[in-house]
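Notes for the one structure printed next.
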Amino acid sequence: MSAAVRGAALQLVKHLEKLPEERLKHIVSLKESQLERFKAVAGLKAGSQNAQQKPSLQEIKDIINRTSGPLGMPKDVLRKVQDALPQENLTVEAIQEQNQSLGHILNNKYRDYYSTGDKLLKPQGNPQYYQRLMDEIEGKKKETFWSAMRTVVLGK
1 MSAAVRGAAL QLVKHLEKLP EERLKHIVSL KESQLERFKA VAGLKAGSQN AQQKPSLQEI
61 KDIINRTSGP LGMPKDVLRK VQDALPQENL TVEAIQEQNQ SLGHILNNKY RDYYSTGDKL
121 LKPQGNPQYY QRLMDEIEGK KKETFWSAMR TVVLGK
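Anchor point for the sequence shown: position 103 equals 103 in the UniProt record's numbering, and the numbering is continuous, going up by one each time.
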């Protein structure tokens, strides 16, 4: 990789690190996956802070010996699989476009541009609906089964 691509990737990594943690935990985090991807391009040490310790050589040999699946495939089949995988050809322009898009997200450009009014956020039939959802996500107010049933039946 050229120095310009590494520099652009380093700038993107700095922006990615500013992203807030996701409120809901998923199997794969956008922030973590992109940090891992672009740290390798920038020449930084890849891997997350919570990464588990790498397995030992003996553990890897045990896994290979026990596995009759993909790890036990012939070398020519593995080579074909590797050749079929798309190779990432990053350019400075592509990384700068991603950096610009991430900057827009961090600055809430689209939230401000496409602002929603109270008519959408507080519908007349159930004005507390979205606030209850956000309170549940943030853990501020836990709704019980009975209060949820009351809301469904009465609409409040």
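Even for Gly, the Cβ is constructed at its ideal location relative to N, Cα and C.
Residue i versus residue j: straight-line alpha-carbon distance, rounded
i           : j           : result
residue 109 : residue 117 : 16 Å
residue 153 : residue 107 : 40 Å
residue 98  : residue 81  : 28 Å
residue 111 : residue 137 : 19 Å
residue 7   : residue 88  : 17 Å
residue 163 : residue 40  : The chain is shown only over 1 to 156; residue 163 falls outside these bounds and no answer can be derived.
residue 134 : residue 96  : 34 Å
residue 50  : residue 104 : At residue 50 the pLDDT is 48, less than 50, meaning the model places this residue with poor confidence and gives no usable figure here.
residue 3   : residue 79  : 30 Å
Own chain residues within Cβ distance below 7 Å of residue i, not counting five before or after
i           : result
residue 29  : 22
residue 160 : The structure shown does not extend to residue 160, since the chain spans only 1 to 156, so no value can be given for it.
residue 222 : In the structure displayed, the chain extends from 1 to 156; residue 222 sits before or after that span and is not available.
Cβ-Cβ distance between residue i and residue j below 7 Å
i           : j          : result
residue 42  : residue 94 : no
residue 120 : residue 5  : no
residue 38  : residue 19 : no
residue 44  : residue 16 : no
Cβ neighbours of residue i in the same chain (closer than 8 Å, five flanking residues each side left out)
i           : result
residue 132 : 141, 143 and 151
residue 130 : 121 and 122
Close beta carbons around residue i, own chain, < 6 Å, minus the five adjacent residues each side
i           : result
residue 101 : none
### Task
Mind listing, in chain order, the continuous alpha helix (DSSP H) runs of no fewer than 4 residues lying wholly within the segment 96-122?
109-113 and 118-121
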